[in-house]
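Protein chains: 4
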Amino acid sequence: MDNGKLPVAILGATGAVGQRFIQLLEDHPWFEVRELFASERSAGKPYREAANWVLDGGPPSRVGELVVQLLGGAVSSPLVFSALPKEAAVELEPKLAAQGKIVCTNASAYRMTPDVPLLLAEVNGDHVALLDRQRATRGWSTGALIANSNCTAMPVVMTLAPLRQFGVKRVHVVSQQAISGAGYPGVPSMDMIDNVIPYVSGDEEKLETETLKMLGTFDGEQITPLDTRIGASCTRVPVLDGHLVHVSVELEERPTHAQIREAWACFRGSPEVASLPSSPALPVVYLEQHDRPQPRRDRMIGAGMATAVGRLRDCPLLGYKYFALSHNTIRGAAGSSIQNAELLARRGYIDSFRPN
Amino acid sequence: MDNGKLPVAILGATGAVGQRFIQLLEDHPWFEVRELFASERSAGKPYREAANWVLDGGPPSRVGELVVQLLGGAVSSPLVFSALPKEAAVELEPKLAAQGKIVCTNASAYRMTPDVPLLLAEVNGDHVALLDRQRATRGWSTGALIANSNCTAMPVVMTLAPLRQFGVKRVHVVSQQAISGAGYPGVPSMDMIDNVIPYVSGDEEKLETETLKMLGTFDGEQITPLDTRIGASCTRVPVLDGHLVHVSVELEERPTHAQIREAWACFRGSPEVASLPSSPALPVVYLEQHDRPQPRRDRMIGAGMATAVGRLRDCPLLGYKYFALSHNTIRGAAGSSIQNAELLARRGYIDSFRPN
Amino acid sequence: MDNGKLPVAILGATGAVGQRFIQLLEDHPWFEVRELFASERSAGKPYREAANWVLDGGPPSRVGELVVQLLGGAVSSPLVFSALPKEAAVELEPKLAAQGKIVCTNASAYRMTPDVPLLLAEVNGDHVALLDRQRATRGWSTGALIANSNCTAMPVVMTLAPLRQFGVKRVHVVSQQAISGAGYPGVPSMDMIDNVIPYVSGDEEKLETETLKMLGTFDGEQITPLDTRIGASCTRVPVLDGHLVHVSVELEERPTHAQIREAWACFRGSPEVASLPSSPALPVVYLEQHDRPQPRRDRMIGAGMATAVGRLRDCPLLGYKYFALSHNTIRGAAGSSIQNAELLARRGYIDSFRPN
Amino acid sequence: MDNGKLPVAILGATGAVGQRFIQLLEDHPWFEVRELFASERSAGKPYREAANWVLDGGPPSRVGELVVQLLGGAVSSPLVFSALPKEAAVELEPKLAAQGKIVCTNASAYRMTPDVPLLLAEVNGDHVALLDRQRATRGWSTGALIANSNCTAMPVVMTLAPLRQFGVKRVHVVSQQAISGAGYPGVPSMDMIDNVIPYVSGDEEKLETETLKMLGTFDGEQITPLDTRIGASCTRVPVLDGHLVHVSVELEERPTHAQIREAWACFRGSPEVASLPSSPALPVVYLEQHDRPQPRRDRMIGAGMATAVGRLRDCPLLGYKYFALSHNTIRGAAGSSIQNAELLARRGYIDSFRPN
């Protein structure tokens, strides 16, 4: 480890989220991809050959030369990013954590497990301390399992968090989700050209549960979900990246639009979180134009780690409404996972690694 | 008028809605396009040359040979379909009605005018009697001005109408609208490829007002709008035809899903309306699949005159929610206009014309 | 067989081409779908449940109730349309022909087999007589195996056939192919939004060989392919249906543009072929506009059975060039198969069936 | 000019190419945007308000505050980038050059004018010396007018230039062009969803002439165009950025594929050109994969300044064929203009400015 960077393993390295991990970790100041794991089809081949790279350009050349290993084999890196499908994650992730690995997962398998932090660093960075309890309960010394949220819940949580001060009573969400949320090959083009699919398997349920856990409070023992009623309807649209959500929200107080926008503008997360390499300068950015945020034009705001908001208006039914947008495979997946690992590193949860 | 069909004039014949009128009136059993009116750019040319036909295929050959006349010139047909932009409609439409023409308009100019019926035949066919008052007040003997609704309000109204029996209290709408709603050239492709625009100029306001007028009651004197609170957010998606709306609705009663679906399935409009040539056999069609209605696959249901509904579920906030879809340039524009004219013909409002 | 229609079986009934067969055979004057065959996943279920209908609307209601049978099981219909993948076709199709079935196949397995007619009825309807030889050689009495061409070769062949009189020397093709050519799920949407794929597996080779066989001559014994040099490059574009090809062609003679257009306009196939229910009135239609043919606007010309041509110009390199377009799943697949079966019926190849 | 950068004016600053100039010049090491010119509609407003920014994100904040000036007004910057439409360019560009400005234009107005260099720096950087003749003939001391090529000719020229050594005899091009080539609003979305337009106004002619001028030789007096026959057919596809071309080429010699790829790999332009800030490390990059180059995935290669090539194969008709791709608004427009200005600066054509 000549360059002082922490070795990192990626599980499910050849899939769409695995690729995003590799792309985002190129030139990361603290972490370096050293191991790639995937299924039999890919194992034994150089990554360059094994992966059908679906992002722009090609894989970073150094990583392209790494030989893919078979999932389930020994992992030597202390930090593991998982882009596994749920079924594979269920078994493998806790096993690696039990072996002492820090496992940051995108899979949905353990998001709602009580002792697993479901982390969106600016929003509930304090939930990370749940790991102490996780380790105590499970008898893990250096290992840990930490999840990040469903990509559609993300822009909802990010924009509601600053409004908690006004009392969030009821939330109504309609999403327009990008195809990359379904991975590769994912959504057939015959379903998406000149079309919208008013259904995304599982996302409505996830949005209605994960949102409340992330916005919940941690009392040192457990997380109490936010006591809010939330309803969600999800659709898939012919957009590559960037989940757009329409949010109507009822608040206990009656803040002005200016106060709400002030709450968004001031939102930062803790100073510790704000200083992490992957944290955007402004987590929530309000766009003044009358027709924003737009997926293609605004998804890369804050290098894909910020959430864009626009069109805050009165909702005749619930009080307030707005549109929010986040990059679903950066902020909504790999990027948040990496940011979570950075927070763990900063907090000293990664054994014998202290970032400078 | 050898074939016994009523001569029809189309105003704004070269635009996207004008073309749809021409397409739908080909082989109409009662009406025949005889006059085409457009702006200076087109006047004097055969329609085939004047129009940049943007629908599939080309214009019907007979109409292609008609010479386009200048807007504002004398109209000889007793029935006029207007696809004019609002500005042109304001002046010309009442003028033609005063000259004794039946003017069925798609323009928004007079939709909310108290003595102009805003007609969706199955829903408020009885509002047509407002024409008696219109004629009395304005001193028109054979002329009339009748409007059809905004294309986005259409699927909302069509699916709420059968629910009036349960008491419609509050309605929350988020739309995903097709590009053809903006006409031609309309939405630039640079705004629509890999993108969604969370804004459609004017449609939220129209949806919030026109819906209530259409669902209102006519007491022989005037229309009292439905007393319901409605909020709408409109977006534009990369879809050619077919406006998809997500509707959350609060009802006074608590019908079961089965009762609601029964209400939709039984909905017909009056027998008189149901027998019109353009009326679909089933105005509201519930789709059982978990991922329908979809714009491309379901917009032509009932020859583009029916409304497809799907995914009826409980809404944790307002009680019920579902998706609905209508073809925006057929049911939401030209097709409804033609159906309205058919109703007027059947009711005897078109002087000396009795359809068989 | 009360209605006098010939019972038809469809192999691979749940796939995209299978669905197109079912759609096109609804209300066919001679044939009626009675049996549906598919893989284990679908067998035993009503078609309505077994098939994920990807075309517009839904399956015809009568066919929706048919129970899907397992591929390989006994077929009782005398006429079989095959939408099987190549691997499944190789074994099953000749087996059914040997059992006495008329097998009209879309699969590529036997297209280049010497005694299998590769039929495009207007172009080489006379090749159907090759079936006599096929039956003699293989010892089949009532069975037959007949293929239709690759969907990309189709518009090339259809527009070159009328030019054979001028001597076709060299042909250069660049295609822009619709996604439905790859079936369902087929092309991932992540490959097609905001993108073009300059590669279609196998199509360049097929185009370079099948074209020459179809344009070849049959001397009563065998087919001699056209002696022409042809080169093809194929691309996939974000279009649902309709393969567009750019053709540059060198001719031995130097006809004028008017002569070429005359050749296209007069092209009919034999009177026998022209009278078949699925034959378009005009097989090749020249579009005068400067920017046609366009896939979305022109693919349904002649109910999807005609080929649209446009932009005939001089090519500085080969002499002539133009664009041509055909509907790839109608004329380029199921529609041609049905037309072929019609020709066989008319010619008396379908035992004891004489169409009226 | 505290920071030592050369002040730059942009003509047509609010259009799509104007925006690309502004985006690419942010943080340019030598040049700094100081003046923005546009039509009456925009003049007098801060750029942020005047421009409907159609690229991703928004305009750089410093430029956003600049007040747009009326086209035709006095220009004080010595270097002028023109993104004007042809009609406006005809008059204004030579006028500014006569006033002593260095005018680098994207307009087509003067591309084929004998004393105007049509520059693609790596290909014909030596043509820049034509400016001496231009100045002498026109009596310009410090002014100059220099053009860059049509965006579709660009990938053709860039990939043919390294093949000049083998003798380029005949060239056949079919393009698939991005919508941004038509500017904003440009191509209506109703023409592009589920469609291809087999026509791009003017581009075939430009490709057939400009290509030969760029590949021509300069003898100190004049440019002699390459003596090659070239034919082009252009289409528009639903792609945002990146023009894909299929090129078939006949060469005098018969190099192996390896020799051709070697010629591309070694291609650099002069060392002087290669050292310019905007020059890509590798101007022509061959992609090994069987399905590349693809517009969305490969257009940003070399920061949008390189040309991607793939699928080199034998062409049965002309000998060789391949696909090439360039970013049409970077390499094909603003980026090349900026690179040209850099070359002029390096060569001392920009009075009293010496880049470090």
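Chains as they are written, first to last, in our numbering: chain X, 148 to 503; chain Y, 148 to 503; chain C, 148 to 503; chain W, 148 to 503. For glycine and all other residues, C-beta sits at the position ideal for the given N, C-alpha and C.
- In the three-state DSSP reduction, X:I407 falls in the helix class (H, G or I).
- Annotation for Y:H393: V321, F470 place their beta carbon closer than 6 Å to its own, counting only its chain and skipping 5 residues before and after.
- For the options Y:Q170, Y:S189, Y:P154, the alpha carbon positioned closest to that of Y:E182 is the one of Y:P154.
- Annotation: C:P430 to Y:K316 spans about 58 Å, alpha carbon to alpha carbon.
- W:A190 has its alpha-carbon roughly 45 Å from the corresponding atom of Y:A245.
- Contacts between Y:R458 and chain X, judged by CB atoms closer than 8 Å, involve P345, Y346, S380 in chain order.
- With the rule of 3 Cβ pairs closer than 8 Å, the region 459–479 of chain W does not count as touching the region 274–290 of chain W.
- Separation of the CB atoms of X:A488 and X:L243 is rounded to 14 Å, and the pair is thereby denied contact status at 8 Å.
- Scanning Y:H390, Y:E400, Y:G367, Y:F168 for the CA closest to the CA of Y:Q281 turns up Y:G367.
- X:M452 places its beta carbon 9 Å or farther from that of X:S422.
- Along the region 323–334 of chain W, the positions whose C-beta sits under 7 Å from a C-beta of chain Y are I326, S327, Y331, P332, G333, V334, read in chain order.
- Cβ proximity to chain C below 9 Å picks out nothing from the region 158–189 of chain Y.
- Residue contact with chain C for Y:M337: absent (no Cβ-Cβ distance below 9 Å to any residue of chain C).
- Among the CB atoms of chain Y, none fall inside 9 Å of the CB of W:P206.
- C:P385 has its alpha-carbon roughly 30 Å from the corresponding atom of C:A268.
- Residue burial is scored here from C-beta neighbours: W:N342 has at least 16 other C-beta atoms within 10 angstroms and is therefore classed as buried.
- Straight across, the Cα-Cα distance linking C:G151 with C:I497 is about 14 Å.
- In the structure shown, Y:E400 adopts coil according to DSSP, grouped into three states.
- Here C:H274 carries a helix assignment [DSSP, helix/strand/coil].
- Contact annotation, Y:R383 with Y:I448: C-beta distance approximately 22 Å; criterion of less than 8 Å not satisfied.
- Under the Cβ criterion of 9 Å, C:M452 is not counted among the residues facing chain Y.
- By the Cβ rule, the region 402–412 of chain Y does not count as touching the region 343–350 of chain X, because fewer than three pairs are nearer than 8 Å.
- In summary, the residues of the region 405–439 of chain X whose CB is separated from some CB of chain Y by less than 8 Å are H437, D438, R439, in the order they occur in the chain.
- Around the beta carbon of W:S483, a 10 Å sphere encloses 16 or more other beta carbons of the protein chains shown; the residue is thus reported as buried.
- The CB of W:S395 comes closer than 7 Å to the CB of H319 in chain C, given here in chain order.
- Linking X:P372 to X:S296 through their CA atoms gives a straight-line distance of about 14 Å.
- In this structure the region 303–310 of chain X does not lie against the region 154–168 of chain C, because fewer than three pairs of beta carbons, one per stretch, are closer than 8 Å.
- In the DSSP secondary-structure assignment, C:S380 is bridged to C:V321.
- Closest by C-alpha distance to C:V214, out of C:A221, C:F184, C:F228, C:S229, is C:F184.
- Taking C-beta atoms as the reference points, W:A294 and W:L265 count as a pair closer than 9 Å.
- Just measuring C-alpha positions, the residue of C:E173, C:E179, C:V270 sitting nearest C:A156 is C:E179.
- In terms of CA proximity to X:A379, Y:C462 leads the group Y:H474, Y:C462, Y:S499.
- The beta carbon of C:G389 sits closer than 6 Å to the beta carbons of A325, P442, R446, L472, H474 from its chain, once the five residues preceding and following it are set aside; these are given in chain order.
- When DSSP states are grouped into helix, strand and coil, X:K316 belongs to the strand group.
- If you check each beta-carbon in the region 460–479 of chain C against every beta-carbon of chain Y, none falls closer than 7 Å.
- Contact with chain W is found for X:L202, since one of that chain's Cβ atoms lies less than 9 Å from the residue's Cβ.
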